[in-house]
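Below is one structure; the comments refer to it alone.
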Amino acid sequence: DVIPGITSIQALTAGHQIPLNSLGGAVTLTTGRKLREGGWPEGAKTVVVMLDKGGAFAALDDPALHIWWSAYAGMVGEIRISGPLHAVSAKILATRAEARAAHGWIMDIYLLRRGG
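Each residue of the sequence shown is one higher than the one before, counting from -3 in my numbering.
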């Protein structure tokens, strides 16, 4: 089973035991392609990225960014990695490649937040 759309956001935040938004803060939903092409959305503090072919977050050079990443969110075998983006980016990319090779497919989602 695949956890579709908006429900995957809830599975991501529940799995990492974090709130979706900061107190009174907005959340921006975007795709990996838009993040890669346009960079960090103007004025955003929290961004949820779906439909990323892989690694759009690696193009972001901001030491204040924290990432919560999940593959197979809400499913048996869910994989979770979180931490400062600069510290876990390579680990996420390697884990993503390994999981895709093992399963033949991957569906992942992540939340980025300034200031952790």
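A virtual CB, placed ideally from N, CA and C, is assigned to each residue, including glycine. Small disclaimer: the values here were computed from a predicted structure and weren't measured.
CB-CB length for residue i against residue j, believed under 8 angstroms
i	j	result
Ile75	Ala95	6 angstroms
Ile31	Ala60	The displayed chain sequence assigns Leu, not Ile, to residue 31. That belief does not hold up - the Cβ atoms of Leu31 and Ala60 are roughly 16 angstroms apart, past 8 angstroms.
Ser18	Lys41	6 angstroms
Beta-carbon contacts of residue i that lie in its chain and below 7 angstroms, excluding the five residues immediately before and after
i	result
Ile77	Trp65, Val84, Lys87, Ile88, Thr91
Cβ-based neighbour list, residue i, same chain, cut-off 6 angstroms, excluding 5 preceding and 5 following
i	result
Met71	none
Within 9 angstroms, strictly: CB atoms of residue i and residue j
i	j	result
Asp58	Leu81	yes
Ile14	Ala67	no
C-alpha distance - residue i paired with residue j, whole-angstrom precision
i	j	result
Ala93	Arg110	26 angstroms
Val23	Leu108	10 angstroms
Thr35	Arg29	First, the amino acid is wrong: residue 35 is Gly here, not Thr. When rounded, the distance between both Cα atoms is 10 angstroms.
For residue i, the residue or residues it bridges with in DSSP
i	result
Trp64	Ser78, Leu107
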